[in-house]
Structure formats: structure tokens, C-alpha cells
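Counting in numbering that gives the first Met the number 0, the sequence shown runs without a single skipped number right up to 407 at its last residue.
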Amino acid sequence: MNTLIEELIETQSPTSSRSEVTAGCEAPAPTGRPPRPAWIEIDVARWRQNFALLKRDMPSGLQLLAVVKDEAYGHSATVAARLAIEAGAKFLAVSTVDEAMKLRDAGIRARILLLGDRQEAELPWCVAHDLTCCVSEPRIAEQLGQLAARAGKRVSVHLKINTGMNRYGVRWNEALPLAEKIVTSKSLLLEGALSHFAQSDELEKTFALLQLSRFNEVIHALAMQGVALTFRHVCNSGGYLDLPQAHFDMVRMGILPLGVFPSSVCRRIPGIAAVMSVKARIAAIQHLQPGDHVGYGMRYTATAPRRIAVLPIGYGDGFPRVRNAGCALIRGCRAPIIGGVAMDALTVDITDIPPAQLWDEAVLMGRQGDDEISVHEVARLKNSASYDVLCSWRGRLPRIYLNDERVA
Ligand SMILES: *Cc1c(COP(=O)(O)O)cnc(C)c1O
Numbered sequence: 000m001n002t003l004i005e006e007l008i009e010t011q012s013p014t015s016s017r018s019e020v021t022a023g024c025e026a027p028a029p030t031g032r033p034p035r036p037a038w039i040e041i042d043v044a045r046w047r048q049n050f051a052l053l054k055r056d057m058p059s060g061l062q063l064l065a066v067v068k069d070e071a072y073g074h075s076a077t078v079a080a081r082l083a084i085e086a087g088a089k090f091l092a093v094s095t096v097d098e099a100m101k102l103r104d105a106g107i108r109a110r111i112l113l114l115g116d117r118q119e120a121e122l123p124w125c126v127a128h129d130l131t132c133c134v135s136e137p138r139i140a141e142q143l144g145q146l147a148a149r150a151g152k153r154v155s156v157h158l159k160i161n162t163g164m165n166r167y168g169v170r171w172n173e174a175l176p177l178a179e180k181i182v183t184s185k186s187l188l189l190e191g192a193l194s195h196f197a198q199s200d201e202l203e204k205t206f207a208l209l210q211l212s213r214f215n216e217v218i219h220a221l222a223m224q225g226v227a228l229t230f231r232h233v234c235n236s237g238g239y240l241d242l243p244q245a246h247f248d249m250v251r252m253g254i255l256p257l258g259v260f261p262s263s264v265c266r267r268i269p270g271i272a273a274v275m276s277v278k279a280r281i282a283a284i285q286h287l288q289p290g291d292h293v294g295y296g297m298r299y300t301a302t303a304p305r306r307i308a309v310l311p312i313g314y315g316d317g318f319p320r321v322r323n324a325g326c327a328l329i330r331g332c333r334a335p336i337i338g339g340v341a342m343d344a345l346t347v348d349i350t351d352i353p354p355a356q357l358w359d360e361a362v363l364m365g366r367q368g369d370d371e372i373s374v375h376e377v378a379r380l381k382n383s384a385s386y387d388v389l390c391s392w393r394g395r396l397p398r399i400y401l402n403d404e405r406v407a
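Below, the structure is given as C-alpha cells:
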């Protein structure tokens, strides 16, 4: 190979220990394909550390259900599942049968809870592949019971109780007849009961406490009737952090193991850090004269000579489509985004970063040097929440898994 090309590839290749390029979320790229100069890094060692810190923070006896829906918020459901199981998670949870089957196909045999309600057509599949369903209505309980009987199985279900979110679940004051229907079916096992908070990561907890008291009403009534539940669970990450009186037997955590706190006001666990970073390399540099414009719609006009860098990443990759807002970290400094973000590119002002040069690494989300562009900072750019930012990065950005020392 020509040494110039070797050198170019060298400058573009990773410095830390990378493995499994594009594992998990995407079909793996054929090896040897040149890397795209825009990518997502997932720090697996930090992710594992987050699980360890969480386990240390959790009261003993409290079980963990790891929510890995939507590819673990864009991080890879299979890697998330592996780390969660390693950390002792009792259950995984996803939102669709497809998501669950992807885990089964990857050889994951752990218990999987399907969040939300199921269509009748999905039930035979759930019974065949041991996917645990939430039950909100008598008809689904009946059908599951019949399918289980036909398969010669006793199928576990979790009773979904609507305590005020009004999305899924049987209304709390109508839950007992449904519970009884499940309990009296010989082929069903009422293994769990759950509810979901409409508000758990804000300072204001009045409604969450009302929901909790409604859930407790049902739980107490069931206990009076001698119904023993193994898994009572209502907390998501916010509930786990701030509502210890609502922990019950198990907590459902999605965002927290990823190192992102659900809000800016919830309790902090020291050491927990975001595992996802988004990076790109400077692909072109332009020197502007006063009066020069940048990008579609000429949304930026230089008032003095400026040096600007083009980063080959845009809203087609999930970056918010902002204009003259936000920034990238380059050589540890903040380079403001100028002009509008395009589908495949955005431009930043590097006039105040003289050492910046072609193919330098820029961080759009994550740490560089002493500075960090947090998930919450990106969320503010699009007037949205951290959850949305994590889930919005598109599949065409390769995911690179760093420091993935598998335990045998
Ligand atoms: C997504 C989801 C969770 C996880 O929420 P986090 O805030 O990410 O921990 C828990 N429970 C249900 C029902 C969910 O839909």
C-alpha cells in the first residue's frame, strides 16, 4: 500500500481499543471497508461500570429489570442484554415481539417482559418463545390461558394496572376481577403486577404518590385474598432514584445504566457517566471573507475573516436541524455551529482554535478534554428530552464498541 494512503488510514483509525465495529444495532460492515469519518462510540467498560455502581446503590434484595427497547435507546439491545444479565438482571424488557425475537435469535434465554399490550395474533408466538406478557384485559387473559393449556405450559403473566398514566393497563379500581380471572386459570400464573409513573423524575411528586397509593390499594387487596406476587414493579429510572417507597420487588431501568440521568433534578449516583459519544472528523476547511455566507438559505454571514470547518454529519444522522446554535468540541475547545445543519454536513467556526486542522476529531455529544457536550445539552437544542436524543441517532452512523472485554 502507498505510504500516503497508509498514513491517511492511520490518522483516521482509532486510538483506544475498539472492537466489534457496528456490533449490535446494525448489520456489521464488511471488514476492510474504510471507516466513515462520523460515528458513534459506545464505551462498554463504562457501561459495565454503570451497572456495577447501580448494583451497589440498590438495596439488597431489590431485583433489576433492564429495559432494552429501541436497541437500548440506540446503544444495542444485545450488548445491553449481555451486560444486564452479567450484572444480575432478572428480566429484560422490550416493546415489540420483533425486538424480543432479536434477543432470542442472539441466543439470549433470559426472561423477557413485553411492555405494552399485545395483539391477539402475537400471543401464540409469545407462548412458543417464552415472552412474558403484560395483561390489561380479560380477553387476552383467556386467550393466553387457552394457548398455554394447548401447549401444556403454565404461562406467567404480569397484571398491568393503570393508576393514572392512562396508556395501558386495567383501571386500578377495576383490577381485582381481572386478577381473579388470571389466578383461577390453571394454565396461567399471576407472577407480577406493574404500573408506570406519569411523573417520576420531576421535583413535583404529588401525582406519582397518588399513583403509588392506587397501586398499593390493589396490591393490598390481592394480598388479602392470598395472592402472592413475586414481582411487583412500578419504578422506572426516575422512580428508582427518587421514590424508594415505590421500589417493591423489582425496578425497571432503561436510561440510567446508559449513564444518563432522566432529568436534571433527580438524585445523582456519583460515578455514573454517559456511555455514548458522537464524533466526526473535520472534512473540509473554508476561509471566509467579510460578507461571505454559509450553507442553505445563507443563514450565516461573516462580519470578519473567519475560518470554518465542515463536519460530515447532519440531520440525516439524527443531529438536530438547528441554525446558528449548538457547538462541537475540537482540540478541547467549543466551536460554535454556524449556518443551518444540513442532511449530511454541518459547519462550525474554528477561528478561535488555530491549531485545528483537517481530519481533527470533533465531538458532537460526549467528552473531549475537560469539557462535555451532554445528552441534555443536545436535547435543549431540539427542545426535547435526553431519551429522544439517544433514540434519534440513525443507523447510518456506525456504532463502535470500545473496551469490550468480554467475560468468558
Ligand atoms: C421505557 C420504560 C421504562 C424505562 O424507563 P427509564 O426512564 O428509561 O428507566 C420503564 N417502564 C416502562 C413501562 C417503560 O415503557
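Cβ atoms here follow ideal geometry from the backbone N, Cα and C, with glycine treated the same way.
- Of the candidates A361, G325, E119, D56, the residue whose Cα lies closest to the Cα of R379 is G325.
- For the 8 Å CB-CB criterion, W171 and E136 do not form a contact.
- Rounded to whole angstroms, T346 and H292 show a C-alpha spacing of 12 Å.
- Look at T95 here: in three-state DSSP terms it is coil, with no helix or strand label.
- Using a Cβ distance threshold of 8 Å, L52 and G253 do not count as a contacting pair.
- When DSSP assignments are scanned along the stretch 107-152, the uninterrupted stretches of alpha helix (DSSP H) that are 4 or more residues long and fall wholly within it turn out to be 122-127, 137-150.
- For I84, the closest C-alpha among the options E98, P58, D370, R47 is that of R47.
- For the 8 Å CB-CB criterion, I307 and I329 do not form a contact.
- Less than 8 Å divides the Cβ of V93 from the Cβ of I111.
- Inter-residue distance for R153 and K381 is about 47 Å (C-alpha atoms, whole angstroms).
- The residue from L113, E201, E40 with its alpha-carbon nearest to that of T95 is L113.
- Unbroken beta strand (DSSP E) stretches of 3 residues or longer found wholly inside the stretch 346-396: 360-367, 370-372, given in chain order.
- Annotation for A109: I84, L91 place their beta carbon closer than 6 Å to its own, counting only its chain and skipping 5 residues before and after.
- In the three-state reduction of the DSSP assignment, I254 falls in the coil class, being assigned neither a helical nor a strand state.
- At a Cβ-Cβ threshold of 8 Å, E190 and T229 count as neighbours.
- If you draw a straight line from the Cα of Y167 to the Cα of A99, it comes to about 19 Å.
- When secondary structure is reduced to three states using DSSP, E201 falls in the coil class, being assigned neither helix nor strand.
- Here M342 is exposed: its Cβ has fewer than 16 other Cβ atoms, across all protein chains shown, within 10 Å.
- Per DSSP, the unbroken alpha helix (DSSP H) holding E70 starts and ends at 68-73.
- DSSP links F90 through a beta bridge to L64, R110.
- In the three-state scheme derived from DSSP, where H, G and I count as helix and E and B as strand, I84 is classed as helix.
- If you draw a 10 Å sphere on the C-beta of Q367, you find 16 or more other C-beta atoms in it, and that means buried.
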